[in-house]
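Taking it in order: structure first as structure tokens, then the write-up.
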Amino acid sequence: MSAKLEAIGLEKRYGDTLALQATDLTVQAGEFLTLLGPSGSGKTTLLQMISGLVAPSAGRIEIDGRDVTLVEPGKRGIGMVFQSYALFPHMTVRDNVAYGLRMRSKTRDEVRKAVDDALAMVRMSDYDKRFPKELSGGQQQRIALARCFAYRPSIILLDEPLGALDKKLREHMQGEIRRLHKELGATFVYVTHDQDEALTLSDRICLMNDARIEQIGTPADLYDRPATRFAAGFIGHSNLLEGELAPTHSDSGEPILLAGGGRIPLPRTATLSQAARHTLLLRPEALRLVDAARGFVDGRISDVVFFGSDTRVQLSLADGSELVARCERSLSPRIGDTVGLVWDPYRTTLLQA
Ligand SMILES: Nc1ncnc2c1ncn2[C@@H]1O[C@H](COP(=O)(O)OP(=O)(O)O)[C@@H](O)[C@H]1O
Ligand SMILES: [Mg+2]
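Numbering follows this note's numbering, with no gaps: position 96 of the sequence shown is 100.
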């Protein structure tokens with residue numbers, strides 16, 4: 005793989021507001037990279053600097069190894085799709101999709117062919133004579149995608165494109181966007197604040213927080229090995245356990261002592277000295293319920309929530325901390341019961357304090 009897009013020391017200030025701290029980011033050719041983070045974390049600012057719509061305060065942008073920092077947006081070979089479809093209301097679907105192509109002074113036959121291909125790709129070929137107001141929200145967003153794809157940009161930037169759609173349609177369109185990414189072979193940079201969307205779509209996720217990159221990696225990296233508490237909390241449910249090292253490790257017991265009693269094993273990837281300064285992260289699906297006093301630690305079931313495919317059990321430990329465990333429905337957990345908890349030390353990880 006080769007670098008398609010590179011941000012080097014890219015920074016943006018608005019007066020006293022630092023919208024993006026000096027940021028380095030490399031996106032590989034054909035990659036699907038998602039900028040994920042809470043509102044205000046700098047996702048749109050980063051995307052708009054890549055597009056050229058916003059000028060950086062410092063740093064530079066390279067596409068295919070060429071510095072494009074001063075190149076105007078229309079000449080970067082980049083397509084953009086926003087949450088608001090921004091279709092022209094007085095133009096038919098065909099004219100909306102053709103608009104950018106005509107601006108690029110293609111011949112009539114070239115334009116017709118490119119529009120036909122783009123509409124087929126988003127499965128809207130039969131709608132070419134309609135006006136935007138005659139389409140549903142999901143259909144309008146397909147047309148916005150077709151308009152972007154029609155001139156075959158090698159980089160496509162999408163800023164919360166599914167944000168205005170309801171849950172069911174959003175999930176369907178996520179599948180469509182995955183398919184389109186494969187078909188086009190273009191490099192996608194996709195912005196969302198929805199962790200499930202990011203996990204579903206991405207080759208890599210760039211997690212943003214407070215105007216900087218918090219962590220970057222594959223969806224599995226971020227879920228299984230979050231580097232910080234913020235990353236652990238933003239993606240998936242995280243159970244956090246605080247403990248201290250047992251005074252002596254010479255006995256056969258597990259090395260970490262929990263405040264409310266119980267001794268637990270060290271994550272297999274960690275050393276004892278690390279454990280002294282870190283918090284243990286346990287994902288709900290890594291926990292297993294066993295009989296009381298048979299696990300590393302006991303917990304009292306304080307709530308049971310039915311989720312369809314499985315059941316989530318909330319547990320209170322002796323030190324007052326709360327954990328969520330996923331369990332099979334056949335176990336029929338009951339509120340008030342005390343149970344033991346075990347887990348695989350390979351499936352736990354330490355977080356920096
Ligand atoms: N044009 C602007 N003028 C002043 N401040 C801005 C402007 N655009 C963004 N900001 C500020 O920059 C920060 C990052 O914004 P943004 O990139 O839009 O975040 P996100 O897309 O992650 O929600 C926010 O604090 C926002 O208020
Ligand atoms: Mg935004």
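The C-beta atom is built at its ideal place from N, Cα and C for all residues, glycine as well.
Just so you know, these numbers come straight off a predicted model, no measurement behind them.
Residue 20 (DSSP reduced to helix, strand or coil): Of the three classes helix, strand and coil, the one that applies to residue 20 here is coil, per DSSP.
Proximity of residue 102 and residue 115 at Cβ, strictly below 9 Å: yes
Check whether residue 2 and residue 283 have beta carbons under 9 Å apart: Since the displayed the chain opens at 5 and closes at 357, residue 2 lies outside it and no answer follows.
Integer Cβ distance of residue 195 from residue 31, believed to fall under 8 Å: Cβ-Cβ separation between residue 195 and residue 31: approximately 13 Å, too far for a contact (criterion under 8 Å).
Segment contact, 8 Å Cβ cut-off, at least three pairs: the stretch 345 to 354 with the stretch 292 to 301: yes
Collapsed DSSP secondary structure at residue 153 in the structure displayed: helix
Among 40, 34 and 50, nearest to residue 25 - alpha-carbon criterion: 50
Residue 167 beta carbon near ligand 1 (any heavy atom closer than 8 Å): no
Sheet register partners of residue 243 (DSSP bridge): Beta-bridge analysis with DSSP links residue 243 to 286.
Buried versus exposed call for residue 126 [16 or more other C-beta atoms within 10 Å across all chains shown]: Result: buried.
Residue of 48, 23 and 53 minimising C-alpha distance to residue 11: 53
Identity of the residues DSSP links to residue 219 by a beta bridge: 211
Collapsed DSSP secondary structure at residue 52 in the structure displayed: helix
For residue 14, the nearest candidate out of 207, 82, 186 and 215 (CA to CA): 215
CA nearest to the CA of residue 199, picked from 173, 154 and 39: 39
Inter-residue spacing [alpha-carbon to alpha-carbon] between residue 226 and residue 191: 21 Å
C-alpha distance - residue 105 paired with residue 45, whole-angstrom precision: Approximately 34 Å, taken between the alpha carbons.
Contacts around residue 75, its chain only, beta-carbon distance under 7 Å, and the 5 residues preceding and following it disregarded: 56
C-beta atoms of residue 280 and residue 319 nearer than 9 Å: no
Check: residue 23 C-beta below 8 Å from any heavy atom of ligand 1: yes
Three-state secondary structure assigned by DSSP to residue 140: coil
The stretch 306 to 313 / the stretch 266 to 275 touching (three or more Cβ pairs under 8 Å): no
Proximity to residue 181 [Cα-Cα], best of 204, 171 and 168: For the residues 204, 171 and 168, the minimum Cα distance to residue 181 belongs to 204.
Local Cβ density within 10 Å of residue 42, reported as buried at 16 or more and exposed below that: Residue 42 should be labelled exposed.
Given residue 237 as reference, the closest of 169, 222 and 218 once Cα atoms are compared: 218
Heavy atom of ligand 2 within 8 Å of residue 38 beta-carbon: no
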